[in-house]
Structures are given as C-alpha cells and as structure tokens.
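Protein chains in written order, with the working numbering: chain A, 1 to 196; chain B, 1001 to 1444. Since the structure comes first, as structure tokens, the remarks are kept for the end.
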Amino acid sequence: MSEKTVKIKEPLVTKRAQDLQALFAQPASEETYHAVEKFLYKEARLLDSKMFRTWLQDVVAEDVRYIVTSTELRANNERRYDLPDQVYLFDDDFRQLSIRVEHDLDPQNWRSSPQEVYCRFVTNIEVFETDDPQEFTVRSNCLLIRSRRSYQTDQFFCTRVDVLRQDAGPSGFKLKSRTIDYPERCVSGHNMLVYL
Amino acid sequence: MEDKLINIAQGKQRHEMHASEAIFEQEMDKVFGRCWLFLTHESLIPNFGDYVVTRMGTDEVIVSRQRDGSIKAFLNTCRHRGAQLCPNEAGNARGFVCAYHGWAYGSNGDLQSVPFDEQLYDGLLDKCKNSLHEVAKIDSFYGFIYGCFDQDAPSLSDYLGDVKWYLEPYMDLSGGVELIGPPGRCLIAANWKTPSENFVGDAYHVGWTHSSALRSGGSIFSPLAGNSVLPPEGAGLQITSKHGSGLGVLWDAYAGVHDGELANELMAFGLAKEQRLIKEIGAERARIYRSHLNGTIFPNNSFLTCSGIFKAWQPRSANSTEVFSWVMVEKDMPSDLKEAFTKSVHRTFGVAGYWESDDNDNMESETYMAKGHQAKKKMLNSQMGISGDRIDPVLPGVVGKSAIGETSYRGYYRFYGDLMNSDSWAEVSAKGDNWQDQLIKATV
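Spelled out as structure tokens, the structure:
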C-alpha cells in the first residue's frame, strides 16, 4: 500500500445550507402553521388557475423580492476560484413580477394560446418564528407539472424558503420574499416561465 | 424534391436540415469539426490553473489557463478508459484526476501519474504518449476565447472577417467588455441552427413574436408591438460575411430590450461614452458602439451587444440544444448599474427570460415540423431583400437593403452549404472565393 496521506478538506459548498439552518430554529404555533398552510394552498390554486393578477394583489407584498438562483457545479474542495457561483434566473420586485404577469396574459402572447395547464404539489411545510412577531420563515417543497400543447410535459421541483408577513387582507399573509436555489443545473423544462 | 440542401442562388434551404440525425452527424464533422467555436472569456479564467468545462459540438472540453498565461483546451476524457475527467463547470486546479483509476493530468494536459504504474505496467506505459487530447487551435479576440479542432482552418481573425469592424466599437474600443458567469443553462427541443439563424439577422420577427414582451416590458422597442409600425428605412443595417457570421444594426438603440426603468439610465451612460468616443474613433464608429447589434458568430455563438446577451447554442442532437446564457457588459460600467443590468439580461433573455421564451417556441416548432415526411422535403424561404444585397464603399461585408431583411440568413447558409459539400478547408475556401457575387447575384 502507498503511504501517501490524503487530506480531506471541509467542503465549502455546504456553508450555504448551514447558514439557512439558523432560520429554522423556532417552530411557530399550531395555529400559525395551519394559517400558513391555508395561505400556501390558496396561492397554489391561484397560480394553477392562472389567476396571476389576483395572485399579485392578494398574495404578493408590494415590497416583495422573488429570487431563483442556479448554482454552478464546483468541486467540494474548491478554494481558489472565487468568481460568483450563482446566476439569478429571477431577482424580481413587484413591478418586475407585474411585467411578467402582463406578458403572460397579453392577448398577443402566442405561446399562451392554447393555454398551458399547471398542477402543483406543495409539501414538507414547516413554519418558524422570526425576530419580528408579524413575520414567519416558511420552508416548503414544490413540485410543478406543466402540460403544454399535445405532447409536452415538464417538471419543475424545488425547495422554497419564504418570509411571510401577517396581513389584514383576504389571504391572512403576504409573501415578502421567496428564495429558491433551483436544484436542476441545466433546466430540462425548456424554460422557467413559471412561478414556483 | 429539390436536390440541394442549400440553394444559394434563390436563398432557400431544405427544411430537413432542422430534424435529420444523418445531417446532424455530418454537421459534427463538417461544421463543428472545422469551425472556430466559442469556449469562454478571459474574465472567467483570469489566473493560472483556472478552468471551465464547456462544449464543442457534442464534445466536452476543459479550457485551462496555463502558467505562462496562454490557454489550452482538451477533451474532457481520460486517456485510459474514456471516463469523464472533470465533473465541475469551473474552478482552479493544478491538474485533473480521473475518478475511475486515479490517472492524474496536469493543467497543461500532461499525464503526470498513474497509480502503481511501475509495478503494473512493467515500464511499458509511455506517459508522454498519453497526454489529454488537445484542441488543435486556440485564439481570442477582445478577450473572447475560441477553439478549433481543424489545424487547417484560417486564423480566427480571418474567420471572423468583415464582422470584426462592427464588433470592435462595442467589444474593444469602448474600453472592453467582460462576460459575467456562471451561465444560465436549459435544454430546448430545437435544432441548434434555429436560434443561430434567428440571431444572425432576424429583425423581422421582433414586432410580432415579441408583441407581448414589447407591450408589457416598456423597452425602447415597444412602439413595434403587434407590428403596429415598421422601423423606418435607414433605421439600421444588415450584413453578412464570407464565413457565415453576420449581424444586424439598429441605430442608437443602446438600451436594447431592457425595461423602461433601466432604459433611461442605460441611454445616459451610452450617450456620454459615445460623445467621448467620437473624438477618439470618429462619429461613424462611435455611433456603432451605441447601436444595438444582433448577430451570430458562425456556427452557434450569438449575441445582442447593448442588450448584453451572449449565447452558445450547444448541439445535443438534431432536435435538442443546450442553451448557455452569459451576460456581456462593458467593464467600466458603474457597479450598481452593472448589477441591475446583469439581472435584467437574465430576466429578458435568460432561462426564465420573458423575451427568450417567445423565441424558443418558434425554434421548437420549426424543429418539430421538420420531422414531417412531406414537410422535410420542402424548401424554406429566406428571400427578403434578395435583390438588394450590395457592396458598400464604407461598410464591410455584403450589405442588405434594410435592417429588416434576410441577407444574413443567406450568408449564413451559403457558408454552411460550402462546409457540408466540402471535404477540406482548402475546398471550402475555393468554393467561397466569389462569395460576394454568389449572394449579390441571388434572386427569386
């Protein structure tokens, strides 16, 4: 046997996941959990029904930040190459989300006719308290299946980390931020013209 | 069936070229095996040992910065049993070790060590003969690095030819550009030529295909929404070159596809720099700096200059293409504007880009329909402006009649046809001797 020793360095890429763990320390009450669950199902229904304007009005906060990143594949022990490893597929505020919604609903959006059909599954919901008693961190998984024209079926899947703020409006909360690091590096579903 | 795949004299192509696996296999030899292919930008591998893994046709390659600052590229396969050597997209490494048996290569491609080679190979393994397979030629222009598998290819500078004059003001004389990574990546069900031909010279589709994006996004192009107006004669140019690369120019359209809020800031930045450049490079080329260029470097590398979009359409099969989307931005743009610009590029033309998705739909349907047994035999039409192509005393290349025309389609497929019908670069070059006449004489 060779006597060479192999140094195992601590992987750096796990750091991001470890940072997130601090957000998941203090579970919220059962009452809050159920209110959040109802909120997420309502949001899922509005999005699957393509009621995007209602989604913006009833679910999305005016100061929202909606982020989907894609992370470049690097070696676990990469230490010297320090250029950014994330690309922002979405980094949208309310105005920019509104542009997307109007683009989709425009009568001359040729790709939206015939309509795409969505069916999404929101699971693994966990709700945590934050420093602000009005706000909660919510972790959930989302599987979205899109059916398009006659033969195309696309799957999108992700973990979402949201911040919800209690709200007097019809949904009980507003979405203050949503952060997704998209798991599939090369997106197989043609495009990500969907809200996850 | 018309016998030719490409009919240069009439500006037509057989639809089958978008779906045939047999044609695709030939393209991997005759197009991707011969042409200069985009690899990366110097800004993404600045230091010794920096590397990216990218694609040349259907091959994966490692592109690696050497100790002396030069750049080499190698097939990403171990010389032993052909396993993938580097599974990462980018990094910094002194070398690459195969995960299968541990064969280790330096960043210069040399096979440096083989586990237990003395005991197991009885001295019969010559490491010098087992370096990584190296890409024959590497060169760059303005920091953009290209590779070529064919030793007989013309220099990168000659290959780019007439399009360089148009690219220089934005990519070099502006103070230079950089690419911002990592790229967005997605897979579309389209032949690689469908987006390449669209970017090379299709200003015609903008008002109609992007009707909803124009209306909702509020860019400087918004008045075109729904084909409600045609850009006036003299709104721009369209040109093509000997080796198929081509581009369109829309005068003074510096803010490109970006939405109304960002457009004002961008227009102010571009105008200020144009004023400075007028003194340095003259009014004509300073105007080209601030004008919007859409183009494709033949075969599969496209860009929109001022919009900041930089693409590689990487072929996977006749009907599958992986899209790589980087941001191209002027180095001296203020950092907050650069950041807003970068995010806007992905918002418009990235994986979740609301402009990009309009286009991909067309490209996928062109590809899908090309599988039809009857449809594939039919000829496609790229005849717009066909009798107006000309030589200009000032503007290099073959110049079309208007910004909206199909001159660059015709130039792109003229060269594609020469490649597909030739057995060597010598033959390709001979066929292209009178390339300008071939295009100018074309008629319906």
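Cβ atoms here follow ideal geometry from the backbone N, Cα and C, with glycine treated the same way. Values in this document were obtained by computation on a predicted structure and should not be read as measured data.
Not a single CB atom of chain B sits nearer than 8 Å to the CB of A:Y66. Secondary-structure assignment with DSSP links A:P27 through a beta bridge to A:F128. For A:L56, the CB contacts under 8 Å within the same chain, skipping 5 residues up- and downstream, are F94, L97, S98 and V101 in chain order. Looking at the DSSP output, B:Q1238 shares a beta bridge with B:G1248.
The beta carbon of A:S188 lies closer than 6 Å to none in the same chain, with the five residues before and after it left out. Under a criterion of Cβ atoms nearer than 7 Å, the residues of chain A adjacent to B:H1346 are, in order, V87, Y88 and L89.
In terms of CA proximity to B:D1059, B:P1315 leads the group B:I1309, B:P1315, B:S1402 and B:P1115. Between the C-alpha atoms of B:K1164 and B:S1157 there is a straight-line separation of about 8 Å. Within 7 Å of the CB of A:Q96, the CB atoms of chain B belong to R1347, in sequence order along the chain. A Cβ-Cβ distance of about 5 Å is found for the pair B:A1255 and B:I1220, placing them in contact under the 8 Å criterion.
Setting aside the 5 residues that flank it on each side, B:L1111 is surrounded in the same chain by R1079, W1103, Y1105, K1127, N1130 and S1131, each with a C-beta closer than 7 Å to its C-beta; the list follows chain order.
Take B:R1390, set aside five residues on each side of it, and the residues of its chain with a beta-carbon closer than 6 Å to its own are V1399, in chain order. Of all residues in the segment 1350–1369 of chain B, only G1350, V1351, A1352, G1353, Y1354, E1356, S1357, D1358, N1360, D1361 and E1364 place a beta-carbon less than 8 Å from a beta-carbon of chain A.
The count of Cβ pairs closer than 8 Å, one atom from the segment 1320–1339 of chain B and one from the segment 1177–1192 of chain B, reaches three, so the stretches are in contact. Closest in C-alpha terms to B:E1356, from the list B:G1049, B:L1160 and B:H1205, comes B:H1205. Pairing B:M1017 with B:F1032 gives a Cβ-Cβ distance that is not under 8 Å. For A:W110, the chain B residues whose C-beta falls within less than 9 Å of its own C-beta are W1208, T1209, S1211, S1212, D1358, D1361 and N1362, listed in chain order. In this structure, the straight-line span from the alpha carbon of A:F157 to that of A:N141 is close to 7 Å. Within the segment 1356–1394 of chain B, the complete alpha helix (DSSP H) runs of at least 4 residues fall at 1356–1369. Going by DSSP, B:R1034 is part of no alpha helix (DSSP H) at all; its letter is neither H nor E. The Cβ atoms of B:W1326 and B:G1091 do not sit closer than 8 Å to each other. Bounds of any beta strand (DSSP E) do not take in B:G1161, whose DSSP letter is neither H nor E. Rounded to whole angstroms, the gap between the alpha carbons of A:V59 and B:R1285 is 50 Å. Beta-bridge pairing by DSSP links B:L1304 to B:N1294 and B:I1309. Against chain A, the beta carbon of B:C1186 has neighbours under 8 Å at C186, V187, S188, G189, H190, N191 and M192, listed in chain order. The beta carbon of A:S112 is closer than 7 Å to those of D104 in its chain, skipping five residues each way along the sequence.
Interface with chain A (8 Å Cβ-Cβ cutoff): B:E1089 is included.
Check the Cα spacing between B:D1418 and each of B:Q1438, B:S1402 and B:E1406: the tightest is with B:Q1438. Within the segment 1332–1344 of chain B, contact with chain A at the beta-carbon level (separation under 7 Å) is assigned to K1343. Apart from sequence neighbours up to five positions away, the residues of its chain that approach B:T1296 with a beta-carbon distance below 6 Å are S1196, F1199, V1200 and S1302, ordered along the chain.
Counting along the chain, the unbroken beta strand (DSSP E) around A:Y66 starts and ends at V60 to T71. Contact fails between the segment 1002–1015 of chain B and the segment 176–185 of chain A, because fewer than three Cβ pairs, one in each stretch, are under 8 Å apart. In this structure, B:K1331 sits near B:E1178, with a CB-CB distance shorter than 8 Å. As the crow flies, the alpha-carbon of B:T1040 is around 20 Å from that of B:G1246. Under the Cβ distance rule, A:S147 does not count among the residues neighbouring chain B, no pair being separated by less than 8 Å. The beta-bridge partner set that DSSP reports for B:Y1146 consists of B:F1038 and B:D1139.
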